[in-house]
Amino acid sequence: MKTVMIIGAAQEHCLGIERAAELGFEVFAVDGNPQAPGLALAKASAVVSTYDHEAALLAARSHIASGGRIDGVMTLASDVPLTVAYVAEALGLPGIGVESARLASEKLLMKDCFLRHEIAMPAYAEARSPADLLDFARQHGMPVVVKPVDSRGARGVQLIRSFEELESSHAVARQYSPTGRVMVESYLPGPQLSTEGYMLDGKAHVPSIFDRNYERLELYAPFIVEDGGEMPSLLAATHGPEVVDLMQRAALALGIRNGVIKGDLVVHQGQVKIIELAARMSGGFFGTLAAPVANGVDLIGIGIRLAVGERIDPAELQPRWQRGAAIRFAFPSCGVIGGIEGLERIRADGACRYAHVFAQVGDVIAPITNHPSRPAVVVAEGADAADAARHAKRLMESLHWDVKGSQP
Ligand SMILES: Nc1ncnc2c1ncn2[C@@H]1O[C@H](COP(=O)(O)OP(=O)(O)O)[C@@H](O)[C@H]1O
Ligand SMILES: [Mg+2]
């Protein structure tokens with residue numbers, strides 16, 4: 004039996020571990036959190052930080068030394084392309100290569116590369132100090148986005164509208180960068196898209212385009228916190244080909260000819276611009292759950308088979324049907340959780356395709372400033388995007404949080 008090594012074993016990775024088993028693969032899973040649910044679900048596992056590529060390789064080698072095998076390496080929702088590529092390269096397995104993985108995990112390197120390839124994106128600069136932020140804002144105007152160079156999950160990503168807020172944003176962003184580096188971009192207003200797809204032999208296939216929901220932008224300002232999204236995107240009809248072209252040029256610029264590509268895009272003044280390309284499926288159940296509900300494309304299965312070197316027929320990336328699918332997250336008020344009620348009722352609802360609460364009774368709900376701090380998710384199906392979004396919203400509203408010491 005072939006074995007796929009999955010980097011990360013959190014809730015969303017469990018979907019990959021289960022799909023691998025359905026396709027006849029064994030899974031060797033690694034995660035730094037010994038409580039990660041996928042570790043017990045996988046055939047074999049090791050407790051290793053997903054960001055520690057050397058330790059992941061040692062774990063892979065010791066799995067092989069003890070009689071196991073590894074035929075491919077992948078991840079799902081974790082932004083760990085370097086770990087995946089490093090282990091794959093060392094073991095002589097398919098992958099995007101360490102060089103491309105490095106470009107995909109460092110936003111400044113990525114954007115320098117995009118700039119050389121004339122790919123449409125916001126103006127950007129490194130900000131070594133708050134003074135650099137001021138210089139950039141004076142030159143390019145407000146608003147700007149201040150963010151860590153090498154984090155993910157919108158951690159420390161801030162939309163800054165005034166010069167007064169600018170100085171303090173530097174320290175906030177820096178705190179989320181493992182290397183203490185900050186960058187700044189022009190903020191591009193416009194509808195935001197999240198895309199899922201693959202590069203196959205140098206060609207981009209993007210079967211899933213979501214309209215992202217930023218209804219809560221003002222509420223959580225200056226942090227940019229998304230509340231899910233829905234597909235099919237209203238903009239896919241007009242901007243679909245432009246999205247595919249941009250993703251293909253961006254992937255090729257990074258040297259990715261075969262592999263998973265996820266896009267953060269914005270339609271700014273009628274033109275699609277790229278905010279970043281991630282060499283993994285998105286976190287937040289877009290690619291793993293909602294996209295297959297909407298169009299039947301088995302994005303996880305394709306990722307597993309690509310990781311072990313199977314040839315993928317591009318026809319497999321063609322939508323098989325068109326339904327609506329939507330994701331919404333929970334945003335309870337801050338305090339200590341005394342109780343959470345309604346999850347079973349939500350799961351029994353005809354429109355619900357997935358519901359999960361990440362928090363437990365006794366946990367503290369801190370102010371929500373990024374994506375990993377949203378404590379519950381639902382994925383709903385509907386006749387179209389708007390119908391699915393209505394269901395997802397209704398289901399999330401029926402989850403009741405008893406939070407003590409509440410504050411707005
Ligand atoms: N320059 C920008 N213009 C408009 N929106 C932005 C910009 N930069 C970031 N965002 C928004 O913030 C989100 C998170 O920023 P991103 O750079 O993707 O960081 P992360 O790696 O944490 O996901 C993006 O998906 C997008 O919605
Ligand atoms: Mg992003």
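Residue numbering for the sequence shown follows the numbering used here, starting at 4 and increasing by one per position.
Glycine included, each C-beta is placed from N, C-alpha and C at the ideal position.
The Cβ-Cβ distance between histidine 394 and isoleucine 343 does not fall below 9 Å.
Per the Cβ contact rule, the stretch 44-57 is not in contact with the stretch 255-270 (fewer than 3 Cβ pairs under 8 Å). Straight through space, the alpha carbons of leucine 255 and proline 225 are spaced by roughly 33 Å.
For alanine 318, the secondary structure class from DSSP, reduced to helix, strand or coil, is helix. With a 10 Å radius around the Cβ and a threshold of 16 neighbouring Cβ atoms, proline 84 comes out buried.
Of the candidates Leu196, Ser211, Ile10, Ser211 places its Cα closest to the Cα of glutamine 321. Close to ligand 1, as judged by a C-beta nearer than 5 Å to any of its heavy atoms, are the residues Pro125, Val148, Arg155, Ala157, Val160, Glu188, Tyr190, Leu191, Gln195, Ile227, Asp267, Ile278, Glu279, in chain order.
Assignment of beta strand (DSSP E) within the stretch 293-343, counting only whole runs of 3 or more residues, yields 327-332 in chain order. When DSSP states are grouped into helix, strand and coil, glutamine 38 belongs to the coil group.
With fewer than 16 other CB atoms across the displayed protein chains lying within 10 angstroms of its CB, leucine 222 is exposed. Residue pairing by DSSP puts cysteine 355 in a beta bridge opposite Ala383. Look at arginine 105 here: in three-state DSSP terms it is helix. Remark: C-beta atoms of alanine 362 and isoleucine 330 do not approach each other more closely than 9 Å.
Contact between glutamate 229 and histidine 374 holds: CB atoms are separated by about 7 Å, below the 8 Å threshold. Between the alpha carbons of alanine 310 and serine 236 lies a gap of roughly 28 Å. Contact annotation: isoleucine 307 and glycine 75 have beta-carbon atoms nearer than 9 Å. CA-CA distance, valine 382 to aspartate 138, rounds to 43 Å. The stretch 195-205 makes contact with the stretch 283-294; the number of CB pairs closer than 8 Å reaches 3 or more. Ranking Leu44, Glu92, Pro40 by CA distance to the CA of arginine 64 puts Glu92 first. Between the C-alpha atoms of alanine 253 and valine 30 there is a straight-line separation of about 31 Å. Annotation note: the stretch 96-161 contains the following uninterrupted alpha helix (DSSP H) runs of length 4 or greater, listed N- to C-terminal: 101-108, 110-119, 133-143.
9 Å or more divides the Cβ of arginine 323 from the Cβ of alanine 386. Within the same chain, and ignoring the five residues on either side of glutamate 218 in sequence, the residues whose Cβ sits closer than 8 Å to its Cβ are Asp230. Excluding its 5 nearest sequence neighbours in each direction, threonine 372 has C-beta neighbours in its own chain below 6 Å: Phe226, listed in chain order. Excluding residues up to 5 positions away in sequence, Leu85, Leu112 lie with their Cβ nearer than 7 Å to the Cβ of arginine 105 in the same chain.
The distance from the Cβ of glycine 286 to that of alanine 59 is about 19 Å, inconsistent with a contact at the 8 Å cut-off. Relative to ligand 2, the beta carbon of alanine 176 is positioned no closer than 8 Å to any heavy atom. If you compare the alpha carbons of His16, Glu57, Val209 with that of histidine 242, the shortest gap goes to Val209. Per DSSP, reduced to three states, the secondary structure at valine 175 is helical. By the neighbour-count definition (other C-beta atoms within 10 Å, threshold 16), valine 367 is an exposed residue. In the displayed model, methionine 77 falls within a strand according to three-state DSSP. Within the stretch 181-246, the complete beta strand (DSSP E) segments at least 3 residues long are 185-189, 195-203, 206-215, 232-234, listed from N- to C-terminus.
Note on geometry: alpha-carbon atoms of alanine 123 and histidine 66 lie some 43 Å from one another.
Note that the C-beta distance between isoleucine 73 and valine 7 is below 9 Å.
Between ligand 2 and alanine 140, a heavy atom-to-CB distance of less than 8 Å is absent. Counting the other CB atoms within 10 Å of its CB gives alanine 12 a total of 16 or more, which places it among the buried residues.
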